[in-house]
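These notes concern the structure reproduced below.
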Amino acid sequence: AHLPGAREVFDARHNPVWVLAPSSDGARALLDFFQQVDGVTGAPVFTFPGTETRFLGDLYQDLSEAVRKRYALLQTPDFVEKFILEQTLAPAIEEFGLAEVKLIDPTCGSGHFLLGAFRDLLAAWQQKEPTTAIEELARRALDQVYGVDINPYAVAIARFRLVLAVLDAVGITRLDKAPALRPHVVVADSLLHRMKEQQLRLSGQLSMDEWASWGDALFRLAEPGAVADVLGQRYHAVVGNPPYITEKDATKREAYRSRYTSAAGLFALAAPFTERFFELAVSGGFIGIINSNAWAKRDYGKSLVESVLPKLDVQRIVDTAGCYLPGHGTPTLLLFGRNRAPTGGEVVAVLGKRGEMKVPDDPAAAPVWSEIAEHYGEQGFNGSRVSVEAVSRRELSRHPWILAGGGARSAFKKMDSGGHQKLASLVESVGFMCMTKQDEAFVVQQGALQRRGVDPSFIRPFFTGQDVREWEFERRNEALFPYDESISIRELDVGTFRFLFTSKPILEARKVFGGKNYREAGRPWWGYGQIPIERSRRAQSIAFAFVATHNNFVMHRRGAVLNQHAPIVTLKEGFAEADHEALLGYLNSSTVGFWCRLVMYPKGGATMGDGAIVTPYPWMDRLEYAGNLLQQLPVPDLDVLREQLLDLVIAAEETVQAMAEHGADKVVAATLAQSPSLPALRDARTRSLAERVRLRGILVSLQEEMDWRVYGIFGLPTVTAPSLDAVRVPVEPNHRPFEVRLAREVDSDISASEWFRVHKRAAPADVGGPLADLYQQRLRLLDDPERSRQLRLLETPETKRRWSPPDDTKAFREAVRSWLLERIEAVFREQPTPELRTARQLALDLGRDAAVQAAYELLTEDSGHDLTRLVSELVDAEGVPFLAGFRYAETGMETRAAWEDTWRLQRLEDDGKL
Numbered sequence: 015a016h017l018p019g020a021r022e023v024f025d026a027r028h029n030p031v032w033v034l035a036p037s038s039d040g041a042r043a044l045l046d047f048f049q050q051v052d053g054v055t056g057a058p059v060f061t062f063p064g065t066e067t068r069f070l071g072d073l074y075q076d077l078s079e080a081v082r083k084r085y086a087l088l089q090t091p092d093f094v095e096k097f098i099l100e101q102t103l104a105p106a107i108e109e110f111g112l113a114e115v116k117l118i119d120p121t122c123g124s125g126h127f128l129l130g131a132f133r134d135l136l137a138a139w140q141q142k143e144p145t146t147a148i149e150e151l152a153r154r155a156l157d158q159v160y161g162v163d164i165n166p167y168a169v170a171i172a173r174f175r176l177v178l179a180v181l182d183a184v185g186i187t188r189l190d191k192a193p194a195l196r197p198h199v200v201v202a203d204s205l206l207h208r209m210k211e212q213q214l215r216l217s218g219q220l221s222m223d224e225w226a227s228w229g230d231a232l233f234r235l236a237e238p239g240a241v242a243d244v245l246g247q248r249y250h251a252v253v254g255n256p257p258y259i260t261e262k263d264a265t266k267r268e269a270y271r272s273r274y275t276s277a278a279g280l281f282a283l284a285a286p287f288t289e290r291f292f293e294l295a296v297s298g299g300f301i302g303i304i305n306s307n308a309w310a311k312r313d314y315g316k317s318l319v320e321s322v323l324p325k326l327d328v329q330r331i332v333d334t335a336g337c338y339l340p341g342h343g344t345p346t347l348l349l350f351g352r353n354r355a356p357t358g359g360e361v362v363a364v365l366g367k368r369g370e371m372k373v374p375d376d377p378a379a380a381p382v383w384s385e386i387a388e389h390y391g392e393q394g395f396n397g398s399r400v401s402v403e404a405v406s407r408r409e410l411s412r413h414p415w416i417l418a419g420g421g422a423r424s425a426f427k428k429m430d431s432g433g434h435q436k437l438a439s440l441v442e443s444v445g446f447m448c449m450t451k452q453d454e455a456f457v458v459q460q461g462a463l464q465r466r467g468v469d470p471s472f473i474r475p476f477f478t479g480q481d482v483r484e485w486e487f488e489r490r491n492e493a494l495f496p497y498d499e500s501i502s503i504r505e506l507d508v509g510t511f512r513f514l515f516t517s518k519p520i521l522e523a524r525k526v527f528g529g530k531n532y533r534e535a536g537r538p539w540w541g542y543g544q545i546p547i548e549r550s551r552r553a554q555s556i557a558f559a560f561v562a563t564h565n566n567f568v569m570h571r572r573g574a575v576l577n578q579h580a581p582i583v584t585l586k587e588g589f590a591e592a593d594h595e596a597l598l599g600y601l602n603s604s605t606v607g608f609w610c611r612l613v614m615y616p617k618g619g620a621t622m623g624d625g626a627i628v629t630p631y632p633w634m635d636r637l638e639y640a641g642n643l644l645q646q647l648p649v650p651d652l653d654v655l656r657e658q659l660l661d662l663v664i665a666a667e668e669t670v671q672a673m674a675e676h677g678a679d680k681v682v683a684a685t686l687a688q689s690p691s692l693p694a695l696r697d698a699r700t701r702s703l704a705e706r707v708r709l710r711g712i713l714v715s716l717q718e719e720m721d722w723r724v725y726g727i728f729g730l731p732t733v734t735a736p737s738l739d740a741v742r743v744p745v746e747p748n749h750r751p752f753e754v755r756l757a758r759e760v761d762s763d764i765s766a767s768e769w770f771r772v773h774k775r776a777a778p779a780d781v782g783g784p785l786a787d788l789y790q791q792r793l794r795l796l797d798d799p800e801r802s803r804q805l806r807l808l809e810t811p812e813t814k815r816r817w818s819p820p821d822d823t824k825a826f827r828e829a830v831r832s833w834l835l836e837r838i839e840a841v842f843r844e845q846p847t848p849e850l851r852t853a854r855q856l857a858l859d860l861g862r863d864a865a866v867q868a869a870y871e872l873l874t875e876d877s878g879h880d881l882t883r884l885v886s887e888l889v890d891a892e893g894v895p896f897l898a899g900f901r902y903a904e905t906g907m908e909t910r911a912a913w914e915d916t917w918r919l920q921r922l923e924d925d926g927k928l
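The numbering of the sequence shown is this note's numbering, which starts it at 15 and goes up by one.
Set out below in structure tokens:
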């Protein structure tokens, strides 16, 4: 009553603060905080000069990480908000008339779009009616702006900001002097309140009254009448930044699914909100959205792309994945359109070529955004960061969208339209081999299971996506595999049972389909979460890294365990090993790398600056290799692939096997067993390192030849070697033609110079090595602009294998260290009864062994430490105190006691006594 101008901001019905009921001490502390004075000058610490209120949104957004994630709180950058309003509100005013226009942000948050729209509308009114009182014009502009958000605190901030904007416009500086104002901003779920649903109910399960409450049955922030007024009409402009998260509440999720065609699969809210934005517009109304681009690539977006958007007039797509947008940790796009049937056969698309490479001082003036803002309307523009192209609606009606500029789409269409079969026609499935749903219980470091008494028949190598690299698996870990050859669950022996027993409560609590846990469903608690039987029985499949910068595929022959981060391609029955190998070569080619770069969802680069995603260099951008998208890959005839690639693939696999034979673990063990001396160990190290470098060079050469043979398969100009023997020679990665071309840009392009710095190799002046003549021919072809326009797109750092240098020297040292640790453990395993030993006693016993002496001398050749000190360091680094009191803090001891009680109850239950 005392503040009529801010009644809907501060009164008990609209402001959540009244729910909190802060104590007098709390209120005093809050006042004291904001009334602090500088100890030197005596001036207030917080002055809040001017009328800018964006800091309120920033403050609330950053107060609670949990709330920020729950409601996807994220303020749209000023320059993006302005750009979207220019493409929506401005043309809406021109087409429908200033007096008629109404704008809504259905996901308004703290009101950034609403403030921008209010200011634009007020400016338009002032220009049209310069003699009308500013108070009247401000009231008109306020009445034309509408907002909705599910978060009442955000709505309170949005209302307050709008009130202050009106007061600032009319020159009122005190709230108690303000007239009564009623911002049209309400608390509601825009997805559930639809004009067709008068009852506003979720399939009879959850009423609006229930979901609108804010954690207190006595307090309601949603007003049904006001909500119906706002969401019961259509608007001439609909703008916003909808949440990118998935809905965690199952009831609401199913309600969305029943109402929106786009709410399909494991959908994120970005999909149904895109559909809802168009629905809220009048016929011909303008829509502008900044959104996650995930639906354009991920499977859940298929319904939106193929069933919803083709019926609407999408007019412009702007790929902003490469922009630096403060706070946005997800690659984004801008979507503009009108709520009407499609007009014309094409859509203007601003397509990304290259993202920001560093955090800009001013995001609004950063190179990528500057090119977008200056040239978005220039069809045919082809800059260094973006290109502006016309994309056919037919192309945009197919999922996934290809949002790449600079001619990449043309090359993609050449691959896609060559009459080739799709991978889907060859495969039984593309998906995970198994999911334990508790890797921590089943997976340990290599060698640990046998040391813990697990029967060797239960032990399998374990690989995840990061282990799939350069034609081979990098073995680090192993898994307990409780299945036989037919993938039937096995009974556990005593040692294996003892190992898993401490994890039994966690394993029993895992969920199965239908909502029950393992215990309730009566499933063996030591089994995996999911293990497709037929897929796991196959003798051969092709594994790949689910998330990686480049395409990495490896032949998987039965005997290893791969989790969901290393999915497998399982071919249909009847395909021979040669078919698998030929396909493997194709999947590892730069042509497939190019295709994946356009189709797969980009995970973005590093989070830098103000929480924004920046991919410093395009070749560092990680992709998500989704199985459903991979199945769309065009695959040439397998007869052609066998003819062109089989010999190279067999040679590559033989090379990888030879590299494994010269691996550090095998060389160290063999040398110390046969010639246990420091000179012999040093010599073995030298020979091992040299041979692995040579073999890796051969692998580089074979991969390069595969790439160029695949170009020819797709009808591109190419130069290939006359035979396998001609390329079975070691080649340095920087002798490849594309790296020679890249080296020419080192002085002008930081991405080029970083390529060589990161991969620790020199920028070459020209091709070299044993294949210099062949590579020179390829280089001349790439330098020919007429013949190699599309070929150049395939010969780039984004598509070519990186060949990051392995640290074989470090690996050899680690192998010696592991060998010595095994010898130390063996001392205790071999003694008949437990016995305490000092590091000195261990060193004296071990020092009599020539192999131990050689290992010790190699490990300490730089430090000069004696064996006693080395043993002490090794034991300290790897050992765990025997007594629990020395292992745990006080809180840890309490947790340990709770677990011991759980294990006691388990034993009683297992014995039938509970």
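The C-beta atom is built at its ideal place from N, Cα and C for all residues, glycine as well.
Just so we're clear, the structure is a prediction, and the values are computed from it rather than from any experiment.
Quick one: what's got a C-beta closer than 7 Å to LEU318's C-beta in the same chain, skipping five residues either side?
-> The residue given as residue 318 occupies position 304 in the sequence shown. SER276, ALA285, THR288, GLU289 and TRP309, listed in sequence order.
How about LEU112 and VAL253: are their beta carbons less than 8 Å apart?
-> Position 98 of the sequence shown holds residue 112. Position 239 of the sequence shown holds residue 253. It is not a contact, given that the beta carbons lie outside the stated cut-off.
With respect to the alpha helix (DSSP H) encompassing ASN642, which residues constitute its N-terminal and C-terminal limits?
-> Along the sequence shown, one-based indexing puts residue 642 at 628. Segment 641–644, the alpha helix (DSSP H) holding ASN642.
Answer with buried or exposed for LYS191, where buried requires no fewer than 16 other C-beta atoms within 10 angstroms of its C-beta.
-> Counted from its first residue, the sequence shown places residue 191 at position 177. With fewer than 16 other Cβ atoms within 10 Å, it is exposed.
Skipping 5 residues on each side, what residues in its chain have a beta carbon closer than 7 Å to that of LEU662?
-> Locating residue 662 in the sequence shown gives position 648, where the first residue counts as 1. Excluding sequence neighbours, LEU662 sits near GLY599, LEU716, GLU719, MET720 and LEU738.
Determine the extent of the alpha helix (DSSP H) in which GLU409 is found, giving its start and end residues.
-> The residue given as residue 409 occupies position 395 in the sequence shown. Looking at the DSSP string, the run of the alpha helix (DSSP H) that includes GLU409 is 407–410.
Nearest to GLN101 by CA position, among PHE300, LEU245, THR61 and ASP46, is which residue?
-> The residue labelled residue 101 in the question sits at position 87 within the sequence shown. Checked all of PHE300, LEU245, THR61 and ASP46; the closest Cα to GLN101 is PHE300.
Where the beta strand (DSSP E) containing SER555 begins and where it ends = Position 541 of the sequence shown, counted from the first residue, corresponds to residue 555. Segment 554–558, the beta strand (DSSP E) holding SER555.
On the premise that ALA183 lies in contact with ALA152, defined as a C-beta separation below 8 Å, what is that separation, rounded to the nearest angstrom?
-> Sequence index remark: in the sequence shown, residue 152 carries index 138 (1-based). Sequence index remark: in the sequence shown, residue 183 carries index 169 (1-based). The pair is a contact, with the Cβ atoms about 5 Å apart (cut-off 8 Å).
Alpha carbon to alpha carbon, how far is GLY711 from ALA825? Give it in angstroms, no decimals.
-> By 1-based counting over the sequence shown, the position of residue 825 is 811. By 1-based counting over the sequence shown, the position of residue 711 is 697. Each residue's alpha carbon lies about 19 Å from the other.
If you draw a straight line from the alpha carbon of SER550 to that of GLU587, how long is it in whole angstroms?
-> The residue labelled residue 550 in the question sits at position 536 within the sequence shown. The residue labelled residue 587 in the question sits at position 573 within the sequence shown. Distance between the alpha carbons of SER550 and GLU587: 14 Å.
Quick one, are the C-beta atoms of CYS610 and TYR542 less than 8 Å apart?
-> Start at 1 with the first residue of the sequence shown, and residue 610 comes out as number 596. Start at 1 with the first residue of the sequence shown, and residue 542 comes out as number 528. No, these two residues do not count as a Cβ contact at 8 Å.
Name the DSSP beta bridge partners of PHE929, please?
-> Only positions 15 to 928 of the chain appear in the structure, and residue 929 is not among them; the question remains open.
State the DSSP-derived secondary structure class of GLY218, mapped to helix, strand or coil.
-> If you number the sequence shown from 1, residue 218 lands on position 204. Interpretation of GLY218 is limited by its pLDDT of 35, a score under 50 that renders its predicted location unreliable; no figure is taken from the coordinates.
Which whole-angstrom value is the C-beta distance of MET614 and LYS927, which I expect to be below 8 Å?
-> As a working note, residue 614 is residue 600 in the sequence shown. As a working note, residue 927 is residue 913 in the sequence shown. Not quite, the Cβ-Cβ distance comes to about 55 Å (not below 8 Å), so this is no contact.
Provide the residue span of the alpha helix (DSSP H) that contains GLU668, from first to last.
-> In the sequence shown, residue 668 corresponds to position 654, counting from 1. First-last of the alpha helix (DSSP H) with GLU668: 652–675.
Going by the beta-carbon positions, is the gap between ARG816 and HIS579 smaller than 8 Å?
-> Numbered from its first residue, the sequence shown carries residue 816 at position 802. Numbered from its first residue, the sequence shown carries residue 579 at position 565. Against a cut-off of 8 Å, the Cβ pair of HIS579 and ARG816 comes out as no contact.
State the start and end residues of the unbroken beta strand (DSSP E) segment that holds GLY445.
-> Position 431 of the sequence shown, counted from the first residue, corresponds to residue 445. Taken as a continuous stretch (DSSP letters only), the beta strand (DSSP E) holding GLY445 covers 441–445.
Report the residue from LEU44, PRO414 and THR916 whose alpha carbon sits nearest the alpha carbon of SER517.
-> Within the sequence shown, the letter at position 503 stands for residue 517. The residue with the shortest Cα to Cα distance from SER517 is THR916.
In angstroms with no decimal places, state the Cα-to-Cα distance between MET634 and GLU812.
-> Here residue 634 refers to the residue found at position 620 of the sequence shown. Here residue 812 refers to the residue found at position 798 of the sequence shown. If I take the Cα positions, the gap works out to 8 Å.
Please list, in chain order, all residues of the same chain as TYR249 whose beta carbon is under 8 Å from its beta carbon, the five residues on each side excluded.
-> As a first step, residue 249 is located in the sequence shown; it is residue number 235 there, counting from the start. Around TYR249: LYS116, LEU117, ILE118, TYR160, LEU294, ALA295, VAL296 and GLY299.
Alpha carbon to alpha carbon, how far is THR734 from SER802?
-> To locate residue 734, count along the sequence shown from 1; it is residue 720. To locate residue 802, count along the sequence shown from 1; it is residue 788. In a straight line, the C-alpha of THR734 is about 15 Å away from that of SER802.
Inspect the beta-carbon positions of ILE304 and VAL94 and report whether they are closer than 8 Å.
-> Taking the first residue of the sequence shown as position 1, residue 304 is located at position 290. Taking the first residue of the sequence shown as position 1, residue 94 is located at position 80. For ILE304 and VAL94, yes; Cβs fall inside 8 Å.
For HIS413, decide whether its Cβ has a neighbour in chain B, counting only Cβ atoms nearer than 8 Å.
-> The structure shown contains no chain B; it holds only a single protein chain.
Please work out which residues of its chain come closer than 6 Å, Cβ to Cβ, to ARG929, disregarding the five sequence neighbours upstream and downstream, and give them in chain order.
-> Residue 929 lies beyond the stretch modelled for the chain, which goes from 15 to 928, so this question has no answer here.
DSSP on LEU156, reduced to helix/strand/coil?
-> As a position in the sequence shown, residue 156 is number 142, starting the count at 1. In the structure shown, LEU156 sits in a helix (DSSP, three-state: H, G or I).
Taking contact to mean at least 3 C-beta pairs separated by less than 8 Å, is the segment 662–673 in contact with the segment 834–854?
-> no
Length of the line joining the Cα atoms of SER502 and ASP481 | In the sequence shown, the residue the question calls residue 502 occupies position 488. In the sequence shown, the residue the question calls residue 481 occupies position 467. Going by the C-alpha atoms only, they are around 27 Å apart.
Please check the pair ASP780 and VAL741, which I expect to be a contact at CB under 8 Å, by giving their CB distance rounded to whole angstroms.
-> Locating residue 780 in the sequence shown gives position 766, where the first residue counts as 1. Locating residue 741 in the sequence shown gives position 727, where the first residue counts as 1. Wrong, their Cβ atoms sit about 19 Å apart, outside the cutoff.
PHE900 versus ALA523 - alpha carbon distance = The sequence position of residue 900 within the sequence shown is 886, counting from 1. The sequence position of residue 523 within the sequence shown is 509, counting from 1. Answer to the nearest angstrom: the Cα atoms are 30 Å apart.
Answer with buried or exposed for PHE956, where buried requires no fewer than 16 other C-beta atoms within 10 angstroms of its C-beta.
-> No statement about residue 956 is possible, as the shown extent of the chain runs from 15 to 928 and does not include it.
Is the number of C-beta pairs between the segment 448–466 and the segment 484–497 that are closer than 8 Å three or more?
-> yes
Using CA coordinates, which residue listed in GLU360, TYR497, ASP375 and LYS427 is at the minimum distance from VAL402?
-> Mapped onto the sequence shown, residue 402 falls at position 388. For the residues GLU360, TYR497, ASP375 and LYS427, the minimum Cα distance to VAL402 belongs to GLU360.
Okay, do the segment 557–571 and the segment 527–534 touch, 3+ Cβ pairs below 8 Å being the bar?
-> no
Going by DSSP, what residues sit across from TYR497 in a beta bridge?
-> Taking the first residue of the sequence shown as 1, we reach residue 497 at position 483. Answer is ILE503.
Run the CB neighbour count on LYS680, radius 10 Å, all protein chains shown included, and call it buried at 16 or more, exposed below.
-> As a working mapping, residue 680 is identified with position 666 in the sequence shown. It is exposed - the Cβ of LYS680 has fewer than 16 other Cβ atoms within 10 Å.
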